[in-house]
Amino acid sequence: MSSYDFMTKDELQKQLNVLKKRYQNFKLKNLKLDMSRGTLSKEQLDLSMPMLNILSNDSNFTSDSGIDYRNYGFSDGIWTLRYMFAQILNVKPFDVFVGGNSSLSMMFDVISLYMTHGACGKRPWSSYERGIKFLCPVPGYDRHFKILSHFGIEQIPIPMKKDGPDMNIIEEAVKSDELIKGIFCVPKYSNPQGIVYSDETVKRFSNLSPKSSDFRIFWDNAYAVHDLTGSCKFLLSLMNECLQNSTEDLPIMFCSTSKITFPGSGVAALAASQKNLLEIKRFYSFKTIGFDKLNQLRHAKFLKDYENILEHMKKHRKILRPKFQVVINCLSKEFSEQNKDIASWSEPKGGYFVSVDLYPGLAKQVIKMCKKAGVKLTDAGATFPNGIDPNDSNIRLAPTCLPANELALAMHLFCICIKLTAIEKKIKTLEDSCEHISN
Ligand SMILES: Cc1ncc(COP(=O)(O)O)c(C=O)c1O
Numbered sequence: 173m174s175s176y177d178f179m180t181k182d183e184l185q186k187q188l189n190v191l192k193k194r195y196q197n198f199k200l201k202n203l204k205l206d207m208s209r210g211t212l213s214k215e216q217l218d219l220s221m222p223m224l225n226i227l228s229n230d231s232n233f234t235s236d237s238g239i240d241y242r243n244y245g246f247s248d249g250i251w252t253l254r255y256m257f258a259q260i261l262n263v264k265p266f267d268v269f270v271g272g273n274s275s276l277s278m279m280f281d282v283i284s285l286y287m288t289h290g291a292c293g294k295r296p297w298s299s300y301e302r303g304i305k306f307l308c309p310v311p312g313y314d315r316h317f318k319i320l321s322h323f324g325i326e327q328i329p330i331p332m333k334k335d336g337p338d339m340n341i342i343e344e345a346v347k348s349d350e351l352i353k354g355i356f357c358v359p360k361y362s363n364p365q366g367i368v369y370s371d372e373t374v375k376r377f378s379n380l381s382p383k384s385s386d387f388r389i390f391w392d393n394a395y396a397v398h399d400l401t402g403s404c405k406f407l408l409s410l411m412n413e414c415l416q417n418s419t420e421d422l423p424i425m426f427c428s429t430s431k432i433t434f435p436g437s438g439v440a441a442l443a444a445s446q447k448n449l450l451e452i453k454r455f456y457s458f459k460t461i462g463f464d465k466l467n468q469l470r471h472a473k474f475l476k477d478y479e480n481i482l483e484h485m486k487k488h489r490k491i492l493r494p495k496f497q498v499v500i501n502c503l504s505k506e507f508s509e510q511n512k513d514i515a516s517w518s519e520p521k522g523g524y525f526v527s528v529d530l531y532p533g534l535a536k537q538v539i540k541m542c543k544k545a546g547v548k549l550t551d552a553g554a555t556f557p558n559g560i561d562p563n564d565s566n567i568r569l570a571p572t573c574l575p576a577n578e579l580a581l582a583m584h585l586f587c588i589c590i591k592l593t594a595i596e597k598k599i600k601t602l603e604d605s606c607e608h609i610s611n
């Protein structure tokens, strides 16, 4: 129920007229604002500018073992970064492989490898006539879904709960279906809800007993150090739990510095059991003689160590926190407790997004109206496999890039569009029910 349910048609119509006027006024502003992707603001990008000058003429380019970083070699990545990523992913440095500029492309590579060659001596995933399946916690990250669609992998939505995906469904599904080969997880500050998996959820992942022995957990820890408040949420180490249960071949873990230094020009890493790692490294040995070690080196010199990364992330937090507050304050002001079924939202303690759930059937229309008035949002359905949100309800907001004043404007428009579409729907329902009675 919402406050609109207690209004007469005339009262609703009056409210609608006021909102339509406000919407028209917004259109006159000729806005051009983009809240569609989790990009960094200029201020955030500026934080890492000193890194670009760090490899000066007098730099030492030689490793402790005498290898010149400007040359081929160190194909697993330079040690400082392996240590750093090991701490970020909560694994041992020996289990880390440092790659190129994108963790997403490493996820793509691993799935591609398993499709063509199989995982650890098993059948290639592409060889199953009926096709293979992945479990996909929803709402989730659109680019995970796009990788799976690219390879023709069926995607099974798994509802998210407050402490991670529904483990009852996952345990049952993997136990009984040999064609389920994997799951994508963003365990810390999930995209888009900002949920951190609880200890119990991580333990249950480490305890999975899939029917298929080449089932893999794609543990995308993209927001491992991206806290928005001082009290950072702790994520239990999946690898440690797996080691205790002898299930260490289950997870393949990923992270990158995309949202620490420069997206697209950062460094990505992957961590896995030695058995998985050996196979993945062999695959990469065919693909490249080595990744960009000079980029690795300047990241190592700039970021120094894990503790310094946390200090660096405090600077990001200082820029980002007020922006998230603008979003949450605006939603809280516009939608009282009474109207939570029209709009409810996540209040993340980290990550890059706010997830908004609208009354079913409103999301596409709200996004369309915002676009017409100059505010671009993530496409409706993007947070679901194949771009289809069965309830047409979820919208992902990305508040990171816009300055706070523009963000406030965009949010104001967003709230007007929600109310407007909700009232229109309510009036339509009233009219339909009157028609029904008179028939
Ligand atoms: C969950 C998640 N994983 C991965 C990425 C992309 O990471 P990278 O830039 O390292 O490819 C993003 C970017 O938004 C993301 O949200």
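Residue numbers (our numbering): 173 to 611. The beta carbon of each residue, even a glycine, is placed where N, CA and C say it ideally should be.
Between Pro309 and Ile325, the C-beta gap is not smaller than 9 Å, which leaves the two residues out of contact. Going down the chain, each residue whose beta-carbon is closer than 5 Å to a heavy atom of ligand 1 shows up: Gly210, Ser274, Ser275, Leu276, Tyr313, Val358, Asn363, Asp392, Ala394, Ser428, Ser430, Ala440. In this chain, the beta strand (DSSP E) harbouring Asp206 covers 205-207.
Taken in chain order, the region 456-492 contains no complete beta strand (DSSP E) segment of 3 residues or longer.
Counting only residues of its own chain and dropping the five nearest sequence neighbours on each side, Arg376 has a CB closer than 6 Å to the CB of Met339.
No residue range can be given for Arg302, since it is assigned to no alpha helix (DSSP H) and is classified by DSSP as neither H nor E. Taking 3 residues as the shortest admissible run, the region 230-310 contains the following complete beta strand (DSSP E) segments, listed from N- to C-terminal end: 268-270, 305-310. Non-local C-beta neighbours of Ser274 in its own chain, meaning closer than 6 Å and more than five positions away in sequence, comprise Ala440, ordered along the chain. Between the beta-carbon of Phe426 and that of Met278 there is about 6 Å, and that keeps the pair under the 8 Å contact cut.
Here Met207 is buried: its Cβ has 16 or more other Cβ atoms, across all protein chains shown, within 10 Å. DSSP places Leu549 in the strand class (E or B) of the three-state scheme. Here Lys536 has Ala552, Asp564 as same chain residues with Cβ atoms under 6 Å from its own Cβ, once five neighbours each way along the sequence are excluded. Taking 9 Å as the cut-off, the beta carbon of Leu407 is found closer than this to the beta carbon of Ala396. Here Gln365 has Pro311, Met332, Ser518, Pro520, Phe525, Ser527 as same chain residues with Cβ atoms under 8 Å from its own Cβ, once five neighbours each way along the sequence are excluded. By a beta-carbon distance limit of 8 Å, Ile588 does not contact Tyr241. Their separation comes to about 54 Å. For Gln365, there is no enclosing beta strand (DSSP E), since its DSSP letter is neither H nor E. In this chain, Met339 is not harboured by any beta strand (DSSP E); it is covered by the alpha helix (DSSP H) spanning 339-348. According to the DSSP assignment, Gln327 belongs to the beta strand (DSSP E) that extends over 326-333.
The beta carbons of Val547 and Phe507 sit no closer together than 9 Å.
The shortest CA-to-CA distance from Lys264 to any of Val282, Leu219, Asn412, Ser175 is the one to Asn412.
For a cut-off of 8 Å, the C-beta gap from Ala554 to Asp314 is around 4 Å, short enough to register as a contact. Distance between Glu420 and Leu217, taken at the CA atoms: about 36 Å. Contact between the region 228-241 and the region 432-446 is absent: fewer than 3 CB-CB pairs across the two stretches fall below 8 Å. Here Leu408 carries a coil assignment [DSSP, helix/strand/coil]. About 6 Å separates the Cβ atoms of Phe387 and Gly354, confirming a contact at the 8 Å cut-off. If the five residues before and after Trp297 are omitted, its C-beta is found closer than 7 Å to the C-beta atoms of Tyr286, Met287, Gly290, Ile304, Lys353, all from its own chain and listed in chain order. Distance from the Cα of Lys334 is smallest, within the candidate group Ser370, Tyr531, Lys431, for Ser370. Taken through DSSP and simplified to helix, strand or coil, Asp314 comes out as helix. Separation of the CB atoms of Ile491 and Ser213 is rounded to 6 Å, and the pair is thereby assigned contact status at 8 Å. Annotation: the region 385-430 contains the following complete segments of the alpha helix (DSSP H) (minimum length 4 residues), in chain order: 410-417. By the beta-carbon neighbour count (other beta carbons within 10 angstroms, threshold 16), Thr433 is buried. In this structure, the beta-carbon distance from Leu534 to Ile514 falls below 9 Å. Judged by DSSP in its simplified three-state form, Asp561 adopts coil rather than helix or strand. If you draw a straight line from the Cα of Thr593 to the Cα of Pro423, it is about 43 Å long. Within the model, the alpha-carbon separation for Glu578 versus Ser428 is close to 29 Å.
In this structure, the beta-carbon distance from Lys347 to Lys383 falls below 9 Å.
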